[in-house]
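Asks: Residues 84 to 227, numbered by the numbering used here, are exactly what the sequence shown covers, in order. Quick one: the structure is below, questions incoming.
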Amino acid sequence: MRETEPSAVQPIQILVVDAYRHSREGLSDSLRASGYRVDAVAGSWEAIQKAKDGQVGLAIIDLDLPPAHGVVMTGWDLARIIRAFHPDAALILVAAEWQPQLRVRTEALPRARLVEKPIRPGELRALVKALERESASGQAREQR
84 MRETEPSAVQ PIQILVVDAY RHSREGLSDS LRASGYRVDA VAGSWEAIQK
134 AKDGQVGLAI IDLDLPPAHG VVMTGWDLAR IIRAFHPDAA LILVAAEWQP
184 QLRVRTEALP RARLVEKPIR PGELRALVKA LERESASGQA REQR
């Protein structure tokens with residue numbers, strides 16, 4: 084009997100959160116073309132609903148989210164909420180402008196990476212693959 088091929092493994096569910104349609108669709112299309120399952124939403128409230136109702140293996144979150152229904156919720160706030168629903172979810176936090184304190188804050192989060200806009204599709208796919216490998220090796224250690 085043949086072992087399961089790596090390609091037969093179900094790809095992780097990715098949640099893309101970005102208020103800018105062009106960015107959101109570009110990221111989503113690039114990931115879908117690589118075989119990933121992607122949900123894309125424009126704001127924090129939709130993201131919370133997706134996280135509450137489904138699986139999230141990776142969230143790509145723009146740190147500069149606009150207020151929703153009069154409530155200011157940053158990408159950092161949303162990252163904490165998603166992790167509350169999915170503690171093992173990886174995070175890719177997206178910043179419009181590079182600031183050293185963002186790197187420090189990101190490094191304090193397990194399985195989180197910081198990238199600056201614009202994100203190149205190849206860079207994004209490589210980062211997603213690296214986070215998948217990190218997740219797989221962490222799960223293998225837990226099973227031992």
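Just so you know, even glycine gets a beta-carbon here, dropped at the ideal spot from N, CA and C.
The beta strand (DSSP E) spanning VAL100 covers which residue range?
Replies: 96–100
Asks: Less than 8 Å between the CB atoms is what I'm expecting for ARG203 and LEU214, so what's the real figure, rounded?
Replies: The pair is not a contact, with the Cβ atoms about 16 Å apart (cut-off 8 Å).
Asks: Could you give the distance in angstroms between the alpha-carbon of HIS105 and the alpha-carbon of LEU176?
Replies: Taking the straight line from one Cα to the other gives about 17 Å.
Asks: Can you tell me which of the three DSSP states ARG194 falls into?
Replies: coil
Asks: So, are the CB atoms of LEU114 and VAL211 less than 8 Å apart?
Replies: yes
Asks: Check whether the region 129–144 and the region 161–177 touch, using three or more Cβ-Cβ pairs below 8 Å as the test.
Replies: yes
Asks: For the putative contact between ARG194 and GLU217, defined by C-beta atoms under 8 Å, what is the C-beta separation to the nearest angstrom?
Replies: Correct: roughly 6 Å between the Cβ atoms.
Asks: So, at 8 Å on beta carbons, what are the nonlocal neighbours of GLY118 in its own chain, with the 5 sequence-adjacent residues on each side left out?
Replies: PRO94
Asks: Helix, strand or coil: how does DSSP classify ARG115 here?
Replies: helix
Asks: Bridge partners for LEU176 per DSSP, in chain order?
Replies: ILE144, LEU197
Asks: Going by DSSP in three states, ARG203 sits in which element: helix, strand or coil?
Replies: coil
Asks: Using the three-state DSSP reduction, which class does ASP171 fall into: helix, strand or coil?
Replies: Coil, per DSSP.
Asks: Please determine, among TRP159, VAL154, ARG120, ILE144, the residue with the shortest C-alpha to C-alpha distance to ALA102.
Replies: ILE144
Asks: To the nearest whole angstrom, what separates the beta carbons of LEU174 and ALA162, a pair I think is in contact under 8 Å?
Replies: 5 Å
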